[in-house]
Amino acid sequence: MKAMILAAGRGTRMRPLTDHCPKPLLPVAGKPLIVHHIERLVAAGLTRLVINTAYRGAQIEATLGDGARWGAAIRYSHEGEPLETGGGIQRALPLLGDDDPEAAFVVVNGDIWTDLDYATLPDAPRGDAYLVLVDNPDHHAGGDFVLGADGRVGDRGAPRLTFSGVSVLRPSLFAGYPAGVFPLAPLLRAAMARGAVSGHHHRGYWLDVGTPARLQQLEQRLTHWHQEHH
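According to this note's numbering, the sequence shown is numbered sequentially starting from 144.
Written out as structure tokens, the structure reads:
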């Protein structure tokens with residue numbers, strides 16, 4: 144199974160840190176944020192990676208190269224203008240499906256951090272999408288979706304959980320969708336209406352690293368963790 148790391152955003156909430164550095168390259172606990180993702184994906188056996196880039200994408204490619212030093216094989220999907228999450232994944236489908244155009248793939252938002260073991264994700268989710276949901280953070284108290292007792296994810300009811308930015312998607316989710324700039328959420332909601340989305344509640348650590356304060360929060364946590372385990 145391949146994995147895609149979303150790294151095309153401008154990181155405007157991270158300014159001024161992102162004025163000259165793309166958000167995925169911001170250092171945390173001694174290495175760029177995106178390298179934490181690469182290492183954790185490779186540790187789970189997900190070595191074939193696709194990374195989409197737009198804002199300062201050349202910096203990302205120059206820093207990561209082909210990924211060999213982490214045991215990964217990285218390919219890049221260049222967007223020029225950011226295509227949002229849905230458009231960005233759709234643009235990358237030929238890279239994700241070059242050996243099996245029907246195969247599901249993992250998607251990870253580049254601006255989160257989680258202790259989720261990616262090896263626990265299903266290779267072949269039922270339906271079109273499998274979402275990892277987490278407890279609602281203070282800055283997103285209303286949540287996004289509802290996880291049913293049967294493992295299906297829906298858009299109505301309570302209690303609501305927050306979409307972590309980690310998912311397993313099938314190319315069929317994008318079938319018939321015109322290319323261009325579009326978010327992922329409407330496609331997920333349409334699939335939910337078909338009963339085609341499942342997922343689970345990850346109760347471990349998760350952080351949306353969206354602001355300088357939360358980047359600092361992650362820095363402190365990882366530094367503390369590293370000191371405890373070494």
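Heads up, the beta-carbon is just placed ideally off N, CA and C, and yes, glycines get one too.
How would you write the range of the alpha helix (DSSP H) that residue 201 sits in, first residue to last? For residue 201, the enclosing alpha helix (DSSP H) has its first and last residue at 200–207.
Using CA coordinates, which residue listed in 346, 204, 182, 258 is at the minimum distance from residue 278? 346
Start-to-end residues for the beta strand (DSSP E) that takes in residue 226: Segment: none, residue 226 is in no beta strand (DSSP E) and carries neither H nor E.
For the stretch 300–320 and the stretch 234–249, state whether three or more C-beta atom pairs, one from each stretch, are separated by less than 8 Å. Yes, the stretch 300–320 touches the stretch 234–249.
Please tell me whether residue 203 and residue 149 are closer than 8 Å, where the distance is taken between their beta carbons. no
Checking 8 Å against the spacing of the C-beta atoms, do residue 217 and residue 184 come in under that value? no
Identified DSSP bridge partners for residue 218: 193
Taking the DSSP output, what are the residues bridged to residue 261? The partner list for residue 261 (beta bridge, DSSP) is empty, contrary to what the question assumes.
Helix, strand or coil, according to DSSP, for residue 305 in the structure here? strand
Taking only three categories from DSSP, how would you classify residue 343? strand
Coil, strand or helix - residue 144 by DSSP: coil
Please state the DSSP three-state secondary structure of residue 295. strand
Which residues does DSSP list as the beta-bridge partners of residue 256? 350
Considering only residues of the same chain and omitting the five flanking positions on each side of residue 188, which have a CB-CB separation below 7 Å? 262
Is it true that the CB of residue 308 sits closer than 8 Å to the CB of residue 232? no
State the start and end residues of the unbroken beta strand (DSSP E) segment that holds residue 274. 272–277
Here's the rule I'm using: 16 or more other beta-carbon atoms within 10 Å means buried, otherwise exposed. How should residue 199 be labelled? Classification of residue 199: buried, given that the 10 Å Cβ count is 16 or more.
Residue burial classification, residue 257 (beta-carbon count within 10 angstroms, cutoff 16): Buried.
Are residue 251 and residue 151 closer than 8 Å when you measure CB to CB? no
Mind checking residue 235: buried by the 16 CB within 10 Å criterion, or exposed? buried
Between residue 225 and residue 197, which are expected to be in contact by the criterion C-beta below 8 Å, what is the C-beta distance as a whole number of angstroms? Cβ-Cβ separation between residue 225 and residue 197: approximately 4 Å, consistent with a contact (criterion under 8 Å).
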